[in-house]
Amino acid sequence: MPLLSVNDLVMYYKTKMGYVRAVDGINFTLDRGESLGIVGESGCGKTSISMTLLRLLPENGEFQRGHVYFDDGSGPVDLISLPEHEMRKYRWKGISMVFQAAMNSLNPVYTVGDQIVEAILNHYPDMSLDAARAKVAELFELVGLDPKRMDQYPHQYSGGMKQRAVIALALSCDPKVIIADEPTTALDVIVQDKILKEMKRIQKKLNMGMIYISHDIAVIAEVSDKIAVMYAGKFVELADSVTIFKRPRHPYTYGLMSSFPSITGEKKKLFTIPGEPPNLLNPPPGCRFAPRCPNATKQCTEEEPPFIEVEPGHFMACWNPVKREGEES
Amino acid sequence: MSEYILEVKNLKKYFPADRGLFGRVRHFVHAVDDVSFEIKYGESLGLVGESGCGKTTTGKVIVKLEEPTDGTLLLEGEDVSTYVGARKKEYHRKVQMIFQDPYESLNPRMTIFDIIAEPLNIHGIGNLKEREERVSELLQEVGLTPPSSFLWRYPHELSGGQRQRVAIARALVLNPSFVVADEPTSMLDVSIRTGIMELMMELREAHNMSYLYITHDLAVARYMCERIAVMYLGKIVEISETEELLHNPLHPYTRALLAAVPVPDPEFSRGEPEIIGSVTKPIDPPPRCRFYDRCPIRTKDCEISDHPPLVEVLPGHFVACYEVEKQKRG
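See below:
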């Protein structure tokens, strides 16, 4: 049984105008030591997935159906069906999260060390204060912060250091899965580079499962073993990262890859995907990408393509995928 | 006539960092510190650097949203500071700016027509009918078609990409010859971004414009610019033709920056950026090289000398570094 398996997860936001279909039938699995990158544009539902997994939905977020099986070796548990007080044991200890703009998620009036100690004592009530502080010092070492800075306040930290502290916080209760939601988006490239390398190193060292969410395919390429491409509330393609980058089949993945400028390699002409993503209040019938798709046929606008395994480990939802060289239709 | 549309000479912009008794300023942030560059007719120069390096301030001084502390701006070979009255107004017609955030740069209470026509109004160009024609023509050009369906809408009814197209139309309505573009695509999604980048290149051709393209993203600069200037803490540390800069970076900061850029290829392995510590604020910086504290190749000489001048070490390739200069001079 994989560490995490998500089956047909559906979550809508209820608004005055109707339901916003932010997470609409998501399936994936995650193993120990594996990292899954979820890439998509703003508003496609990436962050909503993580909020649904952790059951941290805002008031208007309505869970519709699906299962999230979490298995840390003692048998699978469906997190969705747990009562809230049971769920708390899994949140932070089972699955933890580094939030977007995490540097603003530290409390300015407590020292950074105290905030992490508090999280640890909450989940390990039997631990002594000294033991918790020793654990924080260890975590600081792990994320590349000087343990002497434990008793400083967040404003004494730089942006990159705050981000490291937030990662230490996310690791404080020994999670099995860590979800990182655009943790480096607000940072400059040189700092981003260090944080990315650090996250990858820690994830492999602790053999955690990692879900890394970003809009930046270059960042995703650096950290992920496999990649899910998300469009308008759905996964359109899921495969190991080399396949996604070198041999994408879904026209959206293909468009995304060829519209991304790079500083390496030859300067290619950039591809433009026409149009704009649909409004999730009222998504188009059939395939949601069909109105922007160069391969779209009548079938695409009427029938929704199923998310199926086209080759081992490679999933895709498309009626008319991009042809590979030397392949007949 | 000058070879350059715009020349920036020894531009400085200091901001007060704190005030002492009686409002006397004691410390200054050296946001832009002795920056010089030229932009040829029809050229697009990329100004690249991390946040807080002074790239946006440079752009604002050029469009006169900020008064420079010191330095000269030459437009078409003429000193801009000598302009008065009508000439001054003409400068504001010829030099325009496109801002980063299309959600903040458009007045939410104005219609698209009012937003784009406002510069015409200020400069007293045309009557209502002519303005409407001109705005429709521009909407067509920036790809908001049919124009009649956009003219009377408000910014909140448009998507981010459409708003940025409106902002571009507003910048172009007076037929400028020089445009400062401050990260015009950094707030946009990948699939929308390429469209805006292409539009800006087409418009440059069609209207014979020159750009100062400000960005933190070297990959975007590669597609938008013929030359790139790299800025660090208020100083230009390297300036060169784009492909030369990307393939043969000389300044240690440029090298670190390039090594840190993630590459959209899971099989590509990057080097380690060689750089020490983290960026500081340029408040009353010491006279030595701005990059000294973080430099992997610094020497004793660097500590006691002033900030190095930009020197042409290869044809058209300028670097501000004593060590690189020494190596190249052999």
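In order, the protein sequences belong to chains A and B.
So in this note's numbering, spot 273 of the first sequence is number 377, and the numbers just go up one at a time.
So in this note's numbering, spot 216 of the second sequence is number 223, and the numbers just go up one at a time.
The beta carbon of each residue, even a glycine, is placed where N, CA and C say it ideally should be.
Please read these numbers as outputs of a predicted model, since none were measured by experiment.
Worksheet entry | Members of the segment 224-243 of chain B that neighbour chain A once the beta carbon cut-off is set at 7 angstroms | Leu225, Ala226, Val227, Arg229 and Tyr230
Discussion item. Checking 8 angstroms against the spacing of the C-beta atoms, do Leu206(B) and Ile243(B) come in under that value?
Written reply: Position 199 of the second sequence, counted from the first residue, corresponds to residue 206(B). Position 236 of the second sequence, counted from the first residue, corresponds to residue 243(B). Going by C-beta atoms, Leu206(B) is not nearer than 8 angstroms to Ile243(B).
Worksheet item: Near Tyr358(A), what residues of its chain come up, given a Cβ to Cβ distance below 6 angstroms and the 5 sequence neighbours on each side ignored?
Response: As a first step, residue 358(A) is located in the first sequence; it is residue number 254 there, counting from the start. Cβ neighbours of Tyr358(A) beyond the five flanking positions: Pro352 and Val426.
Worksheet item: Pro106(A) to His227(A), Cα distance in whole Å?
Response: On the first sequence, position 2 is the one that residue 106(A) refers to. On the first sequence, position 123 is the one that residue 227(A) refers to. Between Pro106(A) and His227(A), the C-alpha separation is close to 24 angstroms.
Item to complete: Could you check the C-alpha separation between Gln169(B) and Leu151(B) for me, to the nearest Å?
Response: Residue numbering aside, residue 169(B) sits at position 162 when the second sequence is read from its first letter. Residue numbering aside, residue 151(B) sits at position 144 when the second sequence is read from its first letter. Their Cα atoms are separated by approximately 7 angstroms.
Worksheet item: Thinking C-alpha only, which one of Tyr194(A), Leu161(A) and Lys298(A) is nearest Val181(A)?
Response: Taking the first sequence and counting its residues from 1, one reaches residue 181(A) at position 77. If we check each option's Cα against that of Val181(A), Tyr194(A) comes out closest.
Worksheet item: When you compare only the Cα positions, how much space is there between Phe349(A) and Pro273(B)?
Response: Here residue 349(A) is taken as the residue at index 245 of the first sequence, counted from 1. Here residue 273(B) is taken as the residue at index 266 of the second sequence, counted from 1. Distance between the alpha carbons of Phe349(A) and Pro273(B) is about 7 angstroms.
Worksheet item: Run through DSSP, which three-state label would Ser433(A) get?
Response: Position 329 of the first sequence, counted from the first residue, corresponds to residue 433(A). Here Ser433(A) scores only 43 on pLDDT, less than 50, and its place in the model should not be relied on; the value that follows carries that caveat. If DSSP states are grouped into helix, strand and coil, Ser433(A) belongs with coil.
Discussion item. Taking contact to mean 3 or more Cβ pairs, one atom from each stretch, closer than 8 angstroms, check whether the segment 34-41 of chain B and the segment 188-207 of chain B are in contact.
Written reply: no
Fill in: Partner residues on chain A for Phe275(B), Cβ-Cβ distance less than 7 angstroms
Taking the first residue of the second sequence as 1, we reach residue 275(B) at position 268. Neighbours of Phe275(B) on chain A, chain order: Thr368.
Discussion item. If distances are taken between C-alpha atoms only, which option among Ile282(B), Leu179(B), Glu148(B) and Glu140(B) comes closest to Lys298(A)?
Written reply: Residue 298(A) sits at position 194 when you count from the first residue of the first sequence. The candidate whose alpha carbon is nearest that of Lys298(A) is Ile282(B).
Worksheet item: Using a C-beta cutoff of 8 angstroms, does Ile199(B) count as contacting chain C?
Response: In summary, chain C is missing from the structure at hand, where the protein chains are A and B.
Worksheet item: Can we say the segment 417-426 of chain A touches the segment 14-21 of chain B, given the rule of at least three CB pairs closer than 8 angstroms?
Response: no
Worksheet entry | Contacts of Ile282(B) in chain A (Cβ-Cβ under 7 angstroms) | Against the second sequence, residue 282(B) aligns to sequence position 275. Within chain A, the residues near Ile282(B) are Ile294.
Practice prompt. Within its chain, find whatever has a CB closer than 7 angstroms to the CB of Tyr90(B); leave out the 5 residues flanking it on each side and keep chain order.
Written response: The residue labelled residue 90(B) in the question sits at position 83 within the second sequence. Tyr98, listed in sequence order.
Discussion item. Against chain A, which members of the segment 251-272 of chain B pass a CB distance test of less than 8 angstroms?
Written reply: Leu253, Ala263, Leu264, Leu265, Ala266, Ala267, Val268, Pro269, Val270, Pro271 and Asp272
Worksheet item: By the criterion of Cβ-Cβ separation under 8 angstroms, what are the contact partners of Asp196(B) in chain A?
Response: As a first step, residue 196(B) must be located in the second sequence, where it is residue number 189. Neighbours of Asp196(B) on chain A, chain order: Glu145, Ser146, His319 and Pro381.
Item to complete: Pull up the distance between the alpha-carbon of Ile12(B) and that of Lys118(A), whole angstroms please.
Response: The residue labelled residue 12(B) in the question sits at position 5 within the second sequence. The residue labelled residue 118(A) in the question sits at position 14 within the first sequence. Roughly 55 angstroms between the two C-alpha positions.
Worksheet item: Gln256(A) to Asp218(A), Cα distance in whole Å?
Response: Looking up residue 256(A) in the first sequence gives position 152. Looking up residue 218(A) in the first sequence gives position 114. In a straight line, the C-alpha of Gln256(A) is about 9 angstroms away from that of Asp218(A).
Worksheet item: When burial is assigned at 16 or more other CB atoms within 10 Å of the CB, is Trp423(A) buried or exposed?
Response: If you number the first sequence from 1, residue 423(A) lands on position 319. When all chains shown are included, Trp423(A) counts as buried.
Worksheet item: What did DSSP end up calling Arg31(B) once you bin it into helix, strand or coil?
Response: Within the second sequence, residue 31(B) is the residue found at index 24, counting from 1. Reduced to three states, the DSSP call for Arg31(B) is coil.
Worksheet item: Leaving out five residues before and five after Val124(A) in sequence, what residues of the same chain have Cβ atoms less than 7 angstroms from its Cβ?
Response: Translated into positions along the first sequence, residue 124(A) becomes position 20. Only Tyr116, Tyr117, Leu384 and Leu385 meet the Cβ criterion.
Worksheet item: Does the segment 276-288 of chain A come close enough to the segment 310-318 of chain A that 3 or more CB-CB pairs lie under 8 angstroms?
Response: yes
Worksheet item: Taking C-beta to C-beta, are Val70(B) and Ile122(B) nearer than 8 angstroms?
Response: Indexing the second sequence from 1 puts residue 70(B) at position 63. Indexing the second sequence from 1 puts residue 122(B) at position 115. No; because the gap between Cβ atoms is not below 8 angstroms, this pair is not in contact.
Discussion item. Mapping the DSSP letters down to three states, classify His130(B) as helix, strand or coil.
Written reply: As a working mapping, residue 130(B) is identified with position 123 in the second sequence. If DSSP states are grouped into helix, strand and coil, His130(B) belongs with coil.
Worksheet item: Sorry if obvious, but does the Cβ on Leu108(A) come closer than 7 angstroms to a heavy atom of the ligand HEM?
Response: As presented, the structure is devoid of all ligands, the ligand HEM included, so that no description of it is given.
Worksheet item: When the distance is taken between beta carbons, is Val293(A) closer than 8 angstroms to Val268(B)?
Response: Within the second sequence, residue 268(B) is the residue found at index 261, counting from 1. Within the first sequence, residue 293(A) is the residue found at index 189, counting from 1. Yes, the pair counts as a contact, with Cβ atoms nearer than the cut-off.
Item to complete: State buried or exposed for Glu432(A), treating a residue as buried only when at least 16 other CB atoms are found within 10 Å of its CB.
Response: The residue labelled residue 432(A) in the question sits at position 328 within the first sequence. Low local confidence applies: a pLDDT of 47 at Glu432(A) is under 50, so the model's placement there is unreliable, and no value is given.
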